[in-house]
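Here's the structure, in structure tokens; my notes come after.
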Ligand SMILES: O=C1O[C@H](COP(=O)(O)O)[C@@H](O)[C@H](O)[C@H]1O
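In the numbering used here, the protein residues as written are 1399 to 1652.
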């Protein structure tokens, strides 16, 4: 397993702009190599801020947006269009402003969709969607994810995998319904660590002093059960994009 790369930016604004530029380049390169690129989106302040910066970028349309497969790493299990849904925020930040192919946008089901309020059924369906898109590049039933974006919570959660839960311990399923989350809303859908680890590149992006301890713990080799972000890594690259505050507790080399 390759060591994680850590890039520290001065503040949240420059981090979002720099991460947006990096994402545009990653998608352009993936399209050059594969024809179609694939990205797994995250919610949260930092993740959505990056999408807003992509929208605003002069380089935005270097990406052929109709040839990008969009997935989500997690979703707040709320009614369709709810402003707190990661999908709603991603559409407002970017997807509604570029020429995406609706057939290539794969949101996780809302709580008022065909699965009703059954988050476990909605999660099982998303796992089936991923399996049908799998290209058998890896030994797990998910498609090739060129880049998988993640945030990090103050207690170390990533996607919607929270500490010391059966969901962060999940070793077989690719997608789970998550219940009794400490951060509202209590019910969510999330990729599991095995699914996250199938991605070529995993980028963990976070800002603010409140994240400094979990970031330092994750980079210091914490048990993923205690700090789920510690368990997020890519097959080819794991990249931490931080601002100085979030990086503030990382031990400096002697
Ligand atoms: O609830 C969530 O929180 C995390 C982190 O969000 P942030 O605002 O602290 O960056 C986010 O990555 C996740 O997608 C979201 O569901």
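C-beta atoms are modelled at their ideal positions from N, C-alpha and C, and glycine is treated no differently.
Please state the DSSP three-state secondary structure of residue 1453.
Numbered from 1 along the chain shown, position 55 holds the residue referred to as residue 1453. Three-state DSSP puts residue 1453 in a helix.
Exposed or buried, which one is residue 1580 when buried takes at least 16 other CB atoms within 10 Å?
Numbered from 1 along the chain shown, position 182 holds the residue referred to as residue 1580. Exposed, since its Cβ has fewer than 16 Cβ neighbours within 10 Å.
Residue 1435 (DSSP reduced to helix, strand or coil):
Counting from 1 along the chain shown, the entry for residue 1435 is found at position 37. DSSP places residue 1435 in strand when its eight states are reduced to three.
Applying the 10 Å Cβ sphere with the 16-neighbour rule, what's the burial state of residue 1501?
For this step, residue 1501 is matched to residue 103 along the chain shown. Classification for residue 1501: exposed.
What span of residues does the alpha helix (DSSP H) with residue 1518 cover, start to end?
Along the chain shown, one-based indexing puts residue 1518 at 120. Here the alpha helix (DSSP H) through residue 1518 covers 1517-1531.
Exposed unless 16 or more other CB atoms sit within 10 angstroms - verdict on residue 1555
Numbered from 1 along the chain shown, position 157 holds the residue referred to as residue 1555. Flag for residue 1555 reads buried.
Once you ignore the five residues that flank residue 1446 on each side, which residues in its own chain have a CB closer than 6 Å to its CB?
Locating residue 1446 in the chain shown gives position 48, where the first residue counts as 1. If the five residues before and after residue 1446 are omitted, its C-beta is found closer than 6 Å to the C-beta atoms of 1487 and 1491, all from its own chain and listed in chain order.
Leaving out five residues before and five after residue 1463 in sequence, what residues of the same chain have Cβ atoms less than 7 Å from its Cβ?
In the chain shown, residue 1463 corresponds to position 65, counting from 1. The residues are 1496, 1497 and 1498.
Using only alpha-carbon positions, find the residue among 1589, 1438 and 1423 that is nearest to residue 1520.
Position 122 of the chain shown holds residue 1520. Ranking 1589, 1438 and 1423 by Cα distance to residue 1520 puts 1589 first.
In whole angstroms, what is the alpha-carbon distance linking residue 1632 and residue 1516?
In the chain shown, counting from the first residue as 1, residue 1632 sits at position 234. In the chain shown, counting from the first residue as 1, residue 1516 sits at position 118. Those two C-alpha atoms are separated by around 30 Å.
Nearest candidate by alpha-carbon position, reference residue 1628, set 1437, 1562 and 1582:
As a working note, residue 1628 is residue 230 in the chain shown. Closest option to residue 1628, Cα to Cα, is 1562.
Return helix, strand or coil for residue 1486, following the three-state DSSP convention.
Translated into positions along the chain shown, residue 1486 becomes position 88. Helix at residue 1486.
Residue 1557 Cβ short of 7 Å to ligand 1 heavy atom set
One-based indexing of the chain shown puts residue 1557 at position 159. Checking every heavy atom of ligand 1 against the Cβ of residue 1557, one is found closer than 7 Å.
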